[in-house]
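Chains as they are written, first to last, in my numbering: chain A, 1 to 169; chain B, 1 to 149. Reading through the structure tokens given below for one structure.
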């Protein structure tokens with residue numbers, strides 16, 4: 001009657017990665033901006049690879065504030081959904097095969113979103129991480145920071161409030 | 001008299017520049033934005049519905065990010081076209097309130113006004129609607145830089 005042996009690492013990784021992929025790749029706007037996610041355990045880093053279509057000022061050139069805002073909002077929503085689903089992913093209740101068939105949990109809805117543009121967005125890749133400051137049954141408050149070359153020199157930050165999807169059970 | 005003519009000439013020139021500038025912003029072009037009106041600290045921009053910008057695949061509702069880009073562009077355009085503005089501007093901060101989901105399939109129209117301007121900061125607010133213009137989809141308030149004169 002000993003403890004259950006731990007699952008092989010590749011089983012755990014596959015489960016987490018396919019859950020993340022199911023969450024990210026079904027949103028057309030995420031694909032449009034080209035945003036991807038890098039996962040280390042439960043920590044997510046969003047990546048927006050540079051593309052010409054993200055330019056807002058062709059003279060400088062600089063990233064469009066709207067592209068940065070979209071990138072930050074995606075990071076917040078995926079981060080919030082990820083933390084909401086984490087327990088279910090770990091326990092195996094979040095069944096990805098079921099999900100790829102189109103049955104996905106509802107995403108949180110943005111109530112408001114405030115972006116602070118700290119530095120000019122340079123024409124190169126951008127990275128972002130979300131921190132959930134508060135997550136209740138109905139509302140959540142999320143802070144996001146984005147950087148380009150130096151993680152200690154953020155180029156934009158944002159705070160947003162979200163309406164959590166109703167959870168059954 | 002001559003001064004007045006010069007002033008209005010300058011304003012027309014600035015509006016023309018802002019108009020051309022906005023129409024070559026790669027990100028705005030990519031999102032299909034169309035400049036409807038600009039001048040005197042006001043701007044109106046349309047963004048037709050496009051399935052590439054959907055944020056909720058279950059409902060087909062556009063992602064907030066696309067609406068943010070529209071609001072940012074429209075607010076920046078309003079700031080640039082203000083009579084006291086210089087040509088360049090950059091967003092300092094922008095807050096968006098999402099009142100309701102935009103109806104899938106409908107064009108979103110943003111209206112922005114630069115309601116106050118100092119030597120260094122432009123204060124702007126905007127409203128976005130779809131076909132039902134009695135209930136806003138989103139509102140925004142932002143501050144923009146006024147590049148060195």
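Backbone N, C-alpha and C define an ideal beta-carbon position, used for all residues, glycine too. Just so you know, these numbers come straight off a predicted model, no measurement behind them.
Local conformation of residue i per DSSP, three classes
| i | result |
| --- | --- |
| residue 115 of chain B | strand |
| residue 94 of chain A | coil |
| residue 106 of chain A | coil |
| residue 46 of chain B | strand |
| residue 31 of chain B | coil |
| residue 55 of chain B | strand |
| residue 7 of chain A | coil |
| residue 146 of chain B | coil |
| residue 157 of chain A | strand |
| residue 142 of chain A | strand |
| residue 74 of chain A | helix |
| residue 139 of chain B | strand |
| residue 20 of chain B | helix |
| residue 183 of chain A | Since the displayed chain A opens at 1 and closes at 169, residue 183 of chain A lies outside it and no answer follows. |
| residue 116 of chain A | strand |
| residue 25 of chain B | coil |
| residue 10 of chain B | helix |
| residue 120 of chain B | coil |
| residue 62 of chain B | strand |
| residue 121 of chain A | coil |
| residue 65 of chain A | helix |
| residue 79 of chain A | helix |
| residue 169 of chain A | Model confidence at residue 169 of chain A stands at a pLDDT of 45, short of 50, so the residue's coordinates are unreliable; what they give is reported in the following sentence. It is coil, neither helix nor strand. |
| residue 134 of chain B | coil |
Chain-ordered chain A contacts of residue i [CB-CB under 7 angstroms]
| i | result |
| --- | --- |
| residue 30 of chain B | 53 |
| residue 81 of chain B | Correct list: empty, because the minimum Cβ distance to chain A is about 16 angstroms. |
| residue 103 of chain B | Those within 7 angstroms of residue 103 of chain B in chain A number zero; the least Cβ separation is about 15 angstroms. |
| residue 27 of chain B | 53, 54, 55, 56, 64, 66, 67 |
| residue 56 of chain B | 107 |
| residue 146 of chain B | Ordered by position in chain A, no residue passes the 7 angstroms Cβ test against residue 146 of chain B, which lies about 15 angstroms from the chain. |
Residue i versus residue j - alpha carbon distance
| i | j | result |
| --- | --- | --- |
| residue 18 of chain B | residue 65 of chain B | 23 angstroms |
| residue 162 of chain A | residue 60 of chain B | 19 angstroms |
| residue 16 of chain B | residue 80 of chain B | 11 angstroms |
| residue 165 of chain A | residue 115 of chain A | 23 angstroms |
| residue 62 of chain B | residue 4 of chain A | 45 angstroms |
| residue 174 of chain A | residue 121 of chain A | Any question about residue 174 of chain A goes unanswered here, given that chain A covers just 1 to 169. |
| residue 84 of chain B | residue 114 of chain B | 11 angstroms |
| residue 6 of chain A | residue 12 of chain A | 10 angstroms |
| residue 131 of chain A | residue 24 of chain A | 18 angstroms |
| residue 49 of chain A | residue 8 of chain A | 33 angstroms |
| residue 35 of chain B | residue 27 of chain B | 14 angstroms |
| residue 124 of chain B | residue 45 of chain A | 32 angstroms |
| residue 82 of chain A | residue 35 of chain A | 16 angstroms |
| residue 10 of chain B | residue 131 of chain B | 35 angstroms |
| residue 2 of chain B | residue 56 of chain B | Low confidence applies here, because residue 2 of chain B scores a pLDDT of 49, under 50, leaving its location unreliable and the question unanswered by this model. |
| residue 77 of chain A | residue 167 of chain A | 16 angstroms |
| residue 58 of chain A | residue 64 of chain A | 9 angstroms |
Residues near residue i in its chain [Cβ-Cβ closer than 7 angstroms; skip 5 each side]
| i | result |
| --- | --- |
| residue 100 of chain B | 135, 137 |
| residue 93 of chain B | 142, 143 |
| residue 134 of chain A | 140, 141 |
Beta-carbon contacts of residue i that lie in its chain and below 8 angstroms, excluding the five residues immediately before and after
| i | result |
| --- | --- |
| residue 26 of chain A | 104 |
| residue 70 of chain B | 31, 33, 45, 47, 108, 110, 128 |
| residue 92 of chain A | 15 |
| residue 197 of chain B | Because chain B here runs from 1 to 149, residue 197 of chain B falls outside it and cannot be looked at. |
| residue 155 of chain A | 68, 117, 118, 119, 120, 121, 122, 126, 146, 147, 148 |
| residue 89 of chain B | 76, 79, 80, 122, 144, 145, 146, 147 |
| residue 96 of chain B | 64, 67, 68, 71, 138, 139, 140 |
| residue 62 of chain A | 55, 56, 120, 121, 122, 123 |
| residue 136 of chain A | 164 |
| residue 29 of chain B | 23 |
Cβ neighbours of residue i in the same chain (closer than 6 angstroms, five flanking residues each side left out)
| i | result |
| --- | --- |
| residue 121 of chain B | 143 |
| residue 15 of chain A | none |
| residue 94 of chain A | 19, 85, 88 |
| residue 39 of chain B | 15, 81 |
| residue 41 of chain A | none |
| residue 150 of chain A | none |
| residue 21 of chain B | none |
Under 7 angstroms by beta carbon: chain B residues contacting residue i
| i | result |
| --- | --- |
| residue 89 of chain A | Chain B residues near residue 89 of chain A: none, gap ~20 angstroms exceeds 7 angstroms. |
| residue 110 of chain A | 64, 98 |
| residue 26 of chain A | 57 |
| residue 34 of chain A | Going along chain B, no residue has its Cβ under 7 angstroms from residue 34 of chain A, so there is no contact; the nearest lies around 12 angstroms. |
Cross-chain neighbours of residue i in chain B, by beta carbon under 8 angstroms
| i | result |
| --- | --- |
| residue 145 of chain A | Within chain B, no residue comes near residue 145 of chain A; the closest Cβ sits about 15 angstroms away, beyond 8 angstroms. |
| residue 73 of chain A | 63, 64, 65, 68 |
| residue 114 of chain A | 93, 94, 95, 96 |
| residue 79 of chain A | Result: empty, since nearest Cβ-Cβ is about 14 angstroms, beyond 8 angstroms. |
| residue 29 of chain A | 52, 53, 54, 55, 62, 63, 65, 66 |
Listed by chain order, chain A residues near residue i by CB distance under 8 angstroms
| i | result |
| --- | --- |
| residue 130 of chain B | The premise fails here: residue 130 of chain B is roughly 17 angstroms from chain A at the closest Cβ pair, so nothing lies under 8 angstroms. |
| residue 90 of chain B | 57, 62, 65, 117, 120 |
Neighbour list for residue i in chain A, Cβ cutoff strictly below 9 angstroms
| i | result |
| --- | --- |
| residue 125 of chain B | What residue 125 of chain B touches in chain A: nothing, since even the nearest Cβ is about 14 angstroms away. |
Any chance you could list the beta strand (DSSP E) runs of at least 3 consecutive residues sitting entirely within the stretch 9-63 of chain A, in chain order? 36-40, 43-48, 55-57
Threshold first: 3 residues or longer. Then list the beta strand (DSSP E) segments lying entirely within the stretch 73-108 of chain B, N to C. 91-98
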